[in-house]
Amino acid sequence: MTGRAEDVCATSSVIVTCGTGGVGKTSCAAALGLLAARQGRRAVVLTIDPARRLADAIGLGDAVANEPVRVPCDAPGELWVAMLDVQATFDGLVASTAASPDQARRVLDNPFYRGLSQSLSGTRDYMAAERLHSLWNDARFDLVVVDTPPTRSALDFLESPERLARFLQHPVVRLLVAQGRGGLRIAGAAMQPVVKAIGRVIGNDALSGAVSFLQSFDGMETEFRRRALAVAELLRGDGTAFVVVASPSADAVAEADWFVSELRRMNIALRLVVENRVPPEFGGRVVDVFPDLVIEREAATGVLEGFRNRTLAAHPGVGFARATESASDIHDLAGVSRLADEIGNG
Ligand SMILES: Nc1ncnc2c1ncn2[C@@H]1O[C@H](COP(=O)(O)OP(=O)(O)OP(=O)(O)O)[C@@H](O)[C@H]1O
Ligand SMILES: [Mg+2]
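Residue numbers (our numbering): -2 to 343.
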């Protein structure tokens, strides 16, 4: 396994792109999907960013939604795109883990569930992980490329399955679920003061909503936990490659440094860095007429060199690819295709 973009696309079953705002994560995610399609693979690019940039980058307008749509492209493989819909994913998860349609309905109709599935950022993270896992499991695709939002918390979704699994193992949660199975047991009775204490903190109404929700959940928590652990394993596995996208300004590189060290902290190896939006190299008369272009290029090269050295120290096996700032924005497949050419050239 090397860090060359071609190899990353050929050998991974999941690629996660991350980086700070505006560096080109979404464009690069699409370009990596296209590189894989050129290799004959069937790639789906999943954006977990609520912004609609992926649709714009590929020139698909409003057509991108939770269900993958195929992008017509001239490649032996396939390129698909999808956008995370938290509610649809959560509803689908409930429907597929419930013991009966009746149970699914009880959970889906519970007001606490509606609130939970719409409000918590932790829910969004877990549903991103769940959606990734279901596309990875989907026989239509060989590779899922994940495009993350431009925030430092973008990587929280990596840890959300473990968090959920821990939550479902918590004694209070287990007690509440067990209550739905026929009253308190001895161990349960011992927990009553704890439940009352929680009620005082979050309010008794909220608590009874949570209790009836967890009770309607009876049995499903085992499957939720099993799936959460399976996603955690997928994200940590050899088939998952992490890509940091950086652009050559002091601010963007400082943020890229943060992602590099965050991955290191999580004990996740970084496979590839894409240095994007690098000022192009000019020669001949252009240099005489526009000396600033040379200065800009040199400054960018200097910033990137320091970044490379720090990144190599933290992740010795990492590869680097470079793409220049093109004259126009990337808003159609032709633009994505040019970016793929550059990234693919190493
Ligand atoms: N190599 C490039 N040359 C020229 N423009 C580029 C290049 N890469 C990206 N862009 C442009 O930069 C802008 C940001 O790109 P993109 O949306 O891919 O970045 P992002 O990191 O996903 O942004 P966000 O942080 O908003 O999610 C877009 O207008 C895109 O067209
Ligand atoms: Mg983006």
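From the three backbone atoms N, C-alpha and C, an ideal C-beta is built for every residue, glycine too.
Predicted model only: the values in this text are computed from it and were never measured.
Residue i vs residue j beta-carbon contact at 8 Å
i: residue 334; j: residue 21; result: no
i: residue 87; j: residue 120; result: yes
i: residue 332; j: residue 3; result: no
i: residue 287; j: residue 305; result: no
i: residue 41; j: residue 57; result: no
i: residue 123; j: residue 157; result: yes
i: residue 268; j: residue 240; result: yes
i: residue 63; j: residue 79; result: yes
i: residue 300; j: residue 227; result: no
i: residue 242; j: residue 25; result: yes
i: residue 95; j: residue 34; result: no
i: residue 369; j: residue 270; result: Here the chain comprises residues numbered -2 to 343, so residue 369 is not present and cannot be evaluated.
i: residue 81; j: residue 91; result: no
i: residue 234; j: residue 147; result: no
i: residue 327; j: residue 140; result: no
i: residue 14; j: residue 145; result: yes
i: residue 162; j: residue 225; result: yes
i: residue 43; j: residue 137; result: no
i: residue 27; j: residue 54; result: yes
i: residue 266; j: residue 314; result: yes
i: residue 74; j: residue 36; result: yes
i: residue 229; j: residue 295; result: no
i: residue 16; j: residue 221; result: no
i: residue 70; j: residue 330; result: yes
i: residue 23; j: residue 1; result: no
i: residue 126; j: residue 154; result: yes
i: residue 29; j: residue 142; result: yes
i: residue 109; j: residue 214; result: no
i: residue 76; j: residue 113; result: no
DSSP beta-bridge partners of residue i
i: residue 75; result: 39
i: residue 15; result: 241
i: residue 153; result: According to DSSP, which records beta bridges pairwise, residue 153 is partnered with nothing at all.
i: residue 144; result: 14, 44
i: residue 267; result: 239
i: residue 414; result: This structure does not reach residue 414, given that the chain is present from -2 up to 343, and the question cannot be answered.
Can at least three beta-carbon pairs, one atom from the stretch 257 to 264 and one from the stretch 122 to 135, be found at a separation below 8 Å? Too few Cβ pairs lie closer than 8 Å, so no.
Can you confirm whether the stretch 319 to 332 touches the stretch 273 to 288 when touching is taken to mean that 3 or more C-beta pairs between the two stretches lie within less than 8 Å? Touching, yes.
Could you give the uninterrupted runs of the alpha helix (DSSP H) lying entirely in the stretch 269 to 332, keeping only those of 4 residues or more? DSSP runs (the alpha helix (DSSP H)) wholly in the stretch 269 to 332: 282 to 286, 288 to 311.
Could you tell me which uninterrupted alpha helix (DSSP H) segments, each at least 4 residues in length, are contained entirely in the stretch 207 to 238, listed from first to last along the chain? As far as the stretch 207 to 238 is concerned, its whole alpha helix (DSSP H) runs of at least 4 residues are 217 to 233.
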